[in-house]
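What follows is a short report on a single structure.
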Amino acid sequence: MNLTQFRYFATVAQNMSFSKAADLLFISQSALSKAIRSLETELNTDLFIRSGKKLSLTRSGEVLLPYAVEMVQHFDRSCQLALHQMGLSNEKLVIGIPPTAGFIFFHTVIQRFREAYPDTELVIEEEASKSVVKQLMAMQQDLGAVIEPCLNEYLIKYPVVQSEAVALVPKGHFLANRGTIDLIELKDEQFFTISENFMFHDIVRDKCREAGFEPKINFTNSHWEWVFAMVMEGLGVTILPYPLVKPFLNDKVQILRLQNPPFPWTLSMCYHQDSILSDAAKKFMSIAKAESQRLQASDLGKL
2 MNLTQFRYFA TVAQNMSFSK AADLLFISQS ALSKAIRSLE TELNTDLFIR
52 SGKKLSLTRS GEVLLPYAVE MVQHFDRSCQ LALHQMGLSN EKLVIGIPPT
102 AGFIFFHTVI QRFREAYPDT ELVIEEEASK SVVKQLMAMQ QDLGAVIEPC
152 LNEYLIKYPV VQSEAVALVP KGHFLANRGT IDLIELKDEQ FFTISENFMF
202 HDIVRDKCRE AGFEPKINFT NSHWEWVFAM VMEGLGVTIL PYPLVKPFLN
252 DKVQILRLQN PPFPWTLSMC YHQDSILSDA AKKFMSIAKA ESQRLQASDL
302 GKL
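Offset between the sequence shown (1-based) and this note's numbering: plus 1.
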């Protein structure tokens, strides 16, 4: 038996849900279930009554719970006190965030985190999603943000912004008044896109191929503002995430929704499945989740 098992047990018991406890503990549900089963085996008793989706404590679980909570709280308090007395209480948190993600979502999360935890050293490394994935795989970053789809089986992900990508055309374009178009209708257009080192470049290309054509990419740039400006000047078309361009729409460009195929756009927080998240990382994730839930009730990402 170890403290981690008691922490897991207490969290499940306090929430009466393996899935919710797994989210709070930042581990997979299967790993949590395995840990609880291991504790029950060591104690030679069941701690939970599992009846379908309903969960309740056995008599043994009811007896153990207050002691488990007390042990966990005592350990956490003792660690914080020891670190403080050694002058090591300041935590460091390294997060990789794509440039567009910071503008769309993380500026608010970062501000709230700094206000709530001023003693934590927060290091934001701005880089493309592809680089973030590499850093997470190398355990060089604690948390990261990526543009979906990110098909890496070693990363645990939590979507924080769910919207769609849209086509942007010059105001006088022959498609400008359509509202919604099939993606194939852009097959003869000159495309301006974000640079190849960004994951969204690959996503746009793959979506066009799915629609049945190879995009005629005439210009790429690592700054989406340049891409947006080229469209405003009437030099071509682009596809960008709606939450990114929404604040900058003007009478020189027109947005078009895409179908056949549809073009969802999702921004996710993630971390390596084998990483042990620090308290600072868990706090940041909690603030990000709360901000995500708040935004779901707003109009962010909604056309």
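Ideal Cβ positions, reconstructed from N, Cα and C, are used throughout, including at glycine.
Scanning the region 30–72 from its first residue to its last, the whole alpha helix (DSSP H) runs of 4-plus residues come out as 30–44. Here DSSP, grouped into helix, strand and coil, assigns Asp-183 to strand. The region 223–241 makes contact with the region 157–175: 3 or more CB pairs, one atom from each, lie closer than 8 angstroms. Looking at the DSSP output, Phe-104 bridges to nothing.
In summary, Pro-265 is exposed, with fewer than 16 beta-carbon neighbours lying within 10 Å of its beta-carbon over all protein chains present. In this structure, the alpha-carbon of Leu-296 lies about 20 angstroms from that of Lys-21.
The alpha helix (DSSP H) runs of length 4 or more contained entirely in the region 232–279 are, from start to end of the chain, 243–246.
With respect to the 9 angstroms criterion, Ala-212 and Asn-178 are not classified as neighbours on the basis of their beta carbons. Listed in chain order, the non-local C-beta contacts of Ala-83 below 6 angstroms within the same chain number zero, local neighbours out to five positions each way being set aside.
The alpha-carbon separation between Leu-40 and Tyr-159 amounts to approximately 28 angstroms. Between Phe-104 and Leu-241, the CB-CB gap reaches or exceeds 9 angstroms. The beta carbons of Asp-143 and Ile-96 sit closer together than 9 angstroms. Rounded to whole angstroms, Thr-42 and Cys-80 show a C-alpha spacing of 29 angstroms. Under DSSP, Tyr-118 shares a beta bridge with no residue. Per DSSP, the unbroken alpha helix (DSSP H) holding Tyr-9 starts and ends at 4–16. For Glu-211, the secondary structure class from DSSP, reduced to helix, strand or coil, is helix. The beta carbon of Lys-290 is closer than 7 angstroms to those of Tyr-159 in its chain, skipping five residues each way along the sequence. With respect to the C-alpha of Asp-47, the residue from Lys-208, Arg-38, Ala-11, Lys-55 having the closest C-alpha is Arg-38. Around the beta carbon of Arg-8, a 10 Å sphere encloses 16 or more other beta carbons of the protein chains shown; the residue is thus reported as buried. Under the three-state reduction of DSSP output, Leu-152 falls in the coil class, being neither helix nor strand. Look at the beta carbons and you see the region 116–128 not touching the region 161–170: under three pairs across the two are nearer than 8 angstroms.
Around the CB of Gly-145, 16 or more other CB atoms lie within 10 Å, so the residue is classed as buried. Per DSSP, Phe-175 lies in no beta strand (DSSP E) segment and is marked neither H nor E.
A residue is called buried when at least 16 other Cβ atoms come within 10 angstroms of its Cβ; Pro-216 meets this threshold and is buried. Residue pairing for Pro-160: DSSP places it in a beta bridge opposite Ser-269.
In the three-state reduction of the DSSP assignment, Ile-28 falls in the coil class, being assigned neither a helical nor a strand state.
Within its own chain, the residues whose Cβ lies closer than 7 angstroms to the Cβ of Arg-115, once the five positions on either side in sequence are excluded, are Leu-123, listed in chain order. Distance from the CA of Met-138 to the CA of Lys-253, rounded to the nearest whole angstrom, comes to 42 angstroms.
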